[in-house]
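Here the structure comes first, spelled out in structure tokens, and everything after it is commentary.
Protein chains: 2
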Amino acid sequence: MFSFSEENYLKAIFHLERKYQAGVSTNALAEEMDTKASSVTDMIKKLSEKELVIYKKYQGVKLSELGDKTAIQVIRKHRLWEYFLVEKLNFNWDEVHDIAEQLEHIKSEKLTHELDKFLGFPKRDPHGDPIPDAEGNFSVANKMLLSELGKAEKGICVGVKDSSSEFLRFLDKNNIALGKDIKVLEKEAFDGSMLILIEERELRISQLISNNLYIKIQ
Amino acid sequence: MFSFSEENYLKAIFHLERKYQAGVSTNALAEEMDTKASSVTDMIKKLSEKELVIYKKYQGVKLSELGDKTAIQVIRKHRLWEYFLVEKLNFNWDEVHDIAEQLEHIKSEKLTHELDKFLGFPKRDPHGDPIPDAEGNFSVANKMLLSELGKAEKGICVGVKDSSSEFLRFLDKNNIALGKDIKVLEKEAFDGSMLILIEERELRISQLISNNLYIKIQ
DNA sequence: ACCTATTTTTAGACTTATCTAAATATATTT
DNA sequence: AAATATATTTAGATAAGTCTAAAAATAGGT
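From first to last, the protein sequence lines are chains A and B.
Numbered by UniProt numbering, the letters in the first sequence go through residues 1 to 218 in order.
Numbered by UniProt numbering, the letters in the second sequence go through residues 1 to 218 in order.
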């Protein structure tokens, strides 16, 4: 069907679209793929001819319905294999990514389905990322409060519940902004505070804060 | 390490070497790989530069120690994955080959070892082919009497126990010769006779016959 | 609106693995 | 041993995916 390289581009576009909630620029994609912008342009043209992406010169790129579906299937396989490696083969959650990068390209619908069944249709991979089902649906709620996340879960900051200027200024001061990745490193049971990772910095926040930040997971 | 294509060539050379107990010709390899002789020559040169094969122009090719080791590791992965698919994921033994052709190229020693352990260190794949261990040893006896094979097992005819001219003429008449593939299709418990497949022909032979033919498996 | 900086695309080249067609080496037959 | 047939290699071409360097388009600042 599609080459490894094509699938990797689709996956990267998928992640960037969701991260920035917008079309994806050539440069952003080049950075994500660790390659040169010129290579990205070449590949985008190819994907465009195959109707996997919508592309207008200089206007960035976004996934077509087919491209979206294809990307989700690759992500599904990646996360199922990660789950398999950790749950069945005694891998640690930090060792599985590179192997899953290889396994995600194996072509066999039956294999994916049987693996899913064998694993008991898991809803999240070892990193807390949701695993889409065979139809591509992420059954796990997509947008939730930061306070609802558990340890080691992560998401992208997509909104605020409290939009008072006091709260917003607090966010500015602490460099919390929409579009940023947030990961829960620790969670204190007794007061609901948590240690989060945001842009490579660790930050401890109270439950009042985490209760007012919307996080989009996956 | 090595590309999918390189690994596939090594595997093919391995099988042909054992089948004909000799160096492998360019044409034989082209047929096995379903490609053109000129493509084979190109690849052989590349493998030779990487010291995976011993090659002299017009003299055919054979695996170096490194090439042999590499081929066996690919075969090991192929057969472990086949076992996994049948034993854990409810595949039928006739559905697994193409998927294992993909999975055999996944690079991770730890994965291979953990998979082996998870499966209980199986000795044979679903087709009866022996699975080499991590050191590349085929623990299963290599040469055995045809009568010792079970249903669905197969091997290459490599010798006779009874070398009387009567027996040899019988073999000639029935087109059984050294180097030919033999597969056991059925085995009758009550008289030890078996139905075998040899060069796309089915043949029923008595236990007296199967007891005097050496088969090399794997 | 213009100039500059940044982003994106194009042009041409390289690598891997393949092909066809032609040339060369080896094997077989008479 | 020469002629013929077969096997193998070489030469040149193609497609996928990448690169560098140069050109073109867009965006930003005044």
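Each residue gets a CB set at the ideal place from its N, CA and C atoms; glycine is no exception.
Since this is a predicted model, take the numbers as computed values, not measurements.
> If you draw a straight line from the alpha carbon of glutamate 109 (chain A) to that of serine 139 (chain A), how long is it in whole angstroms?
Replying inline: The residue labelled residue 109 (chain A) in the question sits at position 109 within the first sequence. The residue labelled residue 139 (chain A) in the question sits at position 139 within the first sequence. Their backbone Cα atoms lie some 20 Å apart in a straight line.
>> Am I right that aspartate 181 (chain B) and isoleucine 198 (chain B) are in contact with their C-beta atoms under 8 Å? What's the rounded C-beta distance?
In response: Within the second sequence, numbered from 1, the residue matching residue 181 (chain B) stands at position 181. Within the second sequence, numbered from 1, the residue matching residue 198 (chain B) stands at position 198. About 7 Å; that satisfies the 8 Å criterion.
> Is DSSP giving tyrosine 9 (chain B) helix, strand or coil here?
Replying inline: Here residue 9 (chain B) is taken as the residue at index 9 of the second sequence, counted from 1. The three-state secondary structure of tyrosine 9 (chain B), taken from DSSP, is helix.
> Looking only at its own chain, which residues have a Cβ that is under 7 Å from the Cβ of leucine 115 (chain B), when we skip the five neighbours before and after it?
Replying inline: Looking up residue 115 (chain B) in the second sequence gives position 115. So the list reads Leu80 and Phe84, once near-sequence residues are dropped.
> Going by the CB atoms, is the gap between glutamate 104 (chain A) and histidine 78 (chain A) shorter than 8 Å?
Replying inline: Reading the first sequence from its first residue, position 78 is the one you call residue 78 (chain A). Reading the first sequence from its first residue, position 104 is the one you call residue 104 (chain A). Closer than 8 Å, so yes.
>> Quick check: what's the CA-CA separation for lysine 69 (chain B) versus isoleucine 106 (chain B)?
In response: As a first step, residue 69 (chain B) must be located in the second sequence, where it is residue number 69. As a first step, residue 106 (chain B) must be located in the second sequence, where it is residue number 106. Roughly 16 Å separates the two Cα atoms.
> Going along chain B, which residues have a C-beta under 9 Å from asparagine 90 (chain A)?
Replying inline: Along the first sequence, read from residue 1 onward, the residue named residue 90 (chain A) stands at position 90. In chain order: Glu114, Lys117 and Phe118.
> To which residues does DSSP link residue 225 (chain B) through a beta bridge?
Replying inline: The structure shown does not extend to residue 225 (chain B), since chain B spans only 1 to 218, so no value can be given for it.
>> If I measure Cβ to Cβ from glutamate 87 (chain A) and keep anything under 7 Å in the same chain, skipping five residues before and after, which residues do I get?
In response: For the purposes of this step, residue 87 (chain A) is taken as residue 87 along the first sequence, with counting starting at 1. Result list for glutamate 87 (chain A): Leu119, in chain order.
>> Against chain A, does leucine 80 (chain B) count as a neighbour if the rule is that its beta carbon must be under 8 Å from one of theirs?
In response: As a working note, residue 80 (chain B) is residue 80 in the second sequence. No, because no Cβ of chain A sits closer than 8 Å to the Cβ of leucine 80 (chain B).
>> With DSSP as the reference, identify every bridge partner of valine 184 (chain B), one or two as the case may be.
In response: Along the second sequence, one-based indexing puts residue 184 (chain B) at 184. In the DSSP output, where bridge partners are listed per residue, valine 184 (chain B) has B:Ile196.
>> Let me confirm a value: arginine 76 (chain A) is counted as buried when at least 16 other C-beta atoms fall within 10 Å, else exposed. Which label applies?
In response: Taking the first sequence and counting its residues from 1, one reaches residue 76 (chain A) at position 76. Flag for arginine 76 (chain A) reads buried.
>> According to DSSP, simplified to helix, strand and coil, what is residue 220 (chain B)?
In response: Residue 220 (chain B) is absent from the structure shown; chain B starts at 1 and stops at 218.
> Would alanine 28 (chain B) pass as a contact of leucine 16 (chain B) if the rule is Cβ separation under 8 Å?
Replying inline: Along the second sequence, read from residue 1 onward, the residue named residue 28 (chain B) stands at position 28. Along the second sequence, read from residue 1 onward, the residue named residue 16 (chain B) stands at position 16. For alanine 28 (chain B) and leucine 16 (chain B), yes; Cβs fall inside 8 Å.
>> Using 8 Å as the cut-off, can you tell me whether the region 8-22 of chain A makes contact with the region 56-63 of chain A, which would need three or more C-beta pairs spanning the two stretches below that distance?
In response: yes
> Roughly how far, in whole angstroms, is the beta-carbon of lysine 187 (chain B) from the beta-carbon of methionine 194 (chain B), given that I think they are within contact range, below 8 Å?
Replying inline: In the second sequence, counting from the first residue as 1, residue 187 (chain B) sits at position 187. In the second sequence, counting from the first residue as 1, residue 194 (chain B) sits at position 194. Going by Cβ atoms, the distance from lysine 187 (chain B) to methionine 194 (chain B) rounds to 5 Å, so yes, they are a contact pair.
>> Taking CB distances under 8 Å as the criterion, tell me whether glutamine 102 (chain A) reaches chain B.
In response: Translated into positions along the first sequence, residue 102 (chain A) becomes position 102. Proximity of glutamine 102 (chain A) to chain B, defined by a Cβ-Cβ separation below 8 Å, is satisfied.
> Using a Cβ-Cβ cut-off of 6 Å (strictly less than) and excluding sequence neighbours within five positions of glycine 192 (chain B), which residues of its own chain qualify?
Replying inline: For the purposes of this step, residue 192 (chain B) is taken as the residue at position 192 of the second sequence. Within the same chain, glycine 192 (chain B) has close Cβ partners Gln207.
>> Among the candidates A:Val24, A:Asn174, A:Leu171 and A:Lys154, whose CA atom is the shortest distance from the CA of lysine 216 (chain A)?
In response: On the first sequence, position 216 is the one that residue 216 (chain A) refers to. Ranking A:Val24, A:Asn174, A:Leu171 and A:Lys154 by Cα distance to lysine 216 (chain A) puts A:Lys154 first.
> Quick one: what's got a C-beta closer than 8 Å to glutamate 32 (chain B)'s C-beta in the same chain, skipping five residues either side?
Replying inline: The residue labelled residue 32 (chain B) in the question sits at position 32 within the second sequence. So the list reads Ala12, His15 and Leu16, once near-sequence residues are dropped.
>> What would DSSP say about isoleucine 131 (chain B), mapped onto helix, strand or coil?
In response: Along the second sequence, read from residue 1 onward, the residue named residue 131 (chain B) stands at position 131. It is coil, neither helix nor strand.
> Beta carbon of aspartate 172 (chain A), beta carbon of asparagine 212 (chain A): below 8 Å?
Replying inline: Your numbering for residue 172 (chain A) matches position 172 in the first sequence. Your numbering for residue 212 (chain A) matches position 212 in the first sequence. Cβ distance not < 8 Å, so aspartate 172 (chain A) and asparagine 212 (chain A) don't count as in contact.
>> Nearest by alpha-carbon distance to glutamate 135 (chain B): which of B:Glu202, B:Ser25 and B:Thr112 is it?
In response: The residue you call residue 135 (chain B) lines up with position 135 of the second sequence. Of B:Glu202, B:Ser25 and B:Thr112, the residue nearest in Cα terms is B:Thr112.
> Where does isoleucine 106 (chain A) sit, in a helix, a strand or coil, going by DSSP?
Replying inline: Against the first sequence, residue 106 (chain A) aligns to sequence position 106. Three-state result, isoleucine 106 (chain A): coil.
>> Just to confirm the assignment, what range does the beta strand (DSSP E) spanning isoleucine 156 (chain B) have?
In response: Residue mapping note: residue 156 (chain B) aligns to position 156 of the second sequence, counting from 1. Its beta strand (DSSP E) spans residues 154-160.
>> Helix, strand or coil, according to DSSP, for methionine 1 (chain B) in the structure here?
In response: Taking the first residue of the second sequence as position 1, residue 1 (chain B) is located at position 1. If DSSP states are grouped into helix, strand and coil, methionine 1 (chain B) belongs with coil.
> lysine 123 (chain A) lies in the alpha helix (DSSP H); which residues open and close that run?
Replying inline: Your numbering for residue 123 (chain A) matches position 123 in the first sequence. From DSSP, lysine 123 (chain A) is part of no alpha helix (DSSP H); its letter is neither H nor E.
> Which first and last residues belong to the alpha helix (DSSP H) in which isoleucine 44 (chain B) is found?
Replying inline: Taking the second sequence and counting its residues from 1, one reaches residue 44 (chain B) at position 44. Here the alpha helix (DSSP H) through isoleucine 44 (chain B) covers 37-49.
> Name the DSSP beta bridge partners of isoleucine 215 (chain A), please?
Replying inline: As a first step, residue 215 (chain A) must be located in the first sequence, where it is residue number 215. In the DSSP output, where bridge partners are listed per residue, isoleucine 215 (chain A) has A:Met144 and A:Cys157.
>> Is there a C-beta anywhere in chain A that falls below 8 Å from the one on leucine 111 (chain B)?
In response: As a position in the second sequence, residue 111 (chain B) is number 111, starting the count at 1. For leucine 111 (chain B), the answer is yes, since a Cβ of chain A falls inside 8 Å of its Cβ.
> In the DSSP assignment, what are the bridge partners of valine 24 (chain A)?
Replying inline: Sequence index remark: in the first sequence, residue 24 (chain A) carries index 24 (1-based). Paired residue(s): A:Val61.
> leucine 149 (chain A) lies in the alpha helix (DSSP H); which residues open and close that run?
Replying inline: Mapped onto the first sequence, residue 149 (chain A) falls at position 149. That residue, leucine 149 (chain A), is in no alpha helix (DSSP H); it is neither H nor E in DSSP.
> Going by alpha carbons, who is nearest to arginine 201 (chain B) out of B:Ile176, B:Ser5 and B:Ala189?
Replying inline: Here residue 201 (chain B) refers to the residue found at position 201 when the second sequence is read from its first residue. Distances from the CA of arginine 201 (chain B) to each of B:Ile176, B:Ser5 and B:Ala189 were compared; the closest alpha carbon is that of B:Ile176.
> Of all the CB atoms in chain B, is at least one closer than 8 Å to the CB of serine 108 (chain A)?
Replying inline: Within the first sequence, the letter at position 108 stands for residue 108 (chain A). Judged by the 8 Å Cβ criterion, serine 108 (chain A) is in contact with chain B.
>> Quick check on isoleucine 99 (chain B) - is its C-beta less than 8 Å from some C-beta in chain A?
In response: For the purposes of this step, residue 99 (chain B) is taken as residue 99 along the second sequence, with counting starting at 1. So, interface residue.
> Residues in its own chain within less than 7 Å of lysine 74 (chain B) by CB, not counting five upstream and five downstream?
Replying inline: As a working mapping, residue 74 (chain B) is identified with position 74 in the second sequence. The residue asked about is misnamed: residue 74 (chain B) is valine in this sequence, not lysine. Answer for valine 74 (chain B): Glu7, Leu10, Lys11 and Glu104, listed in chain order.
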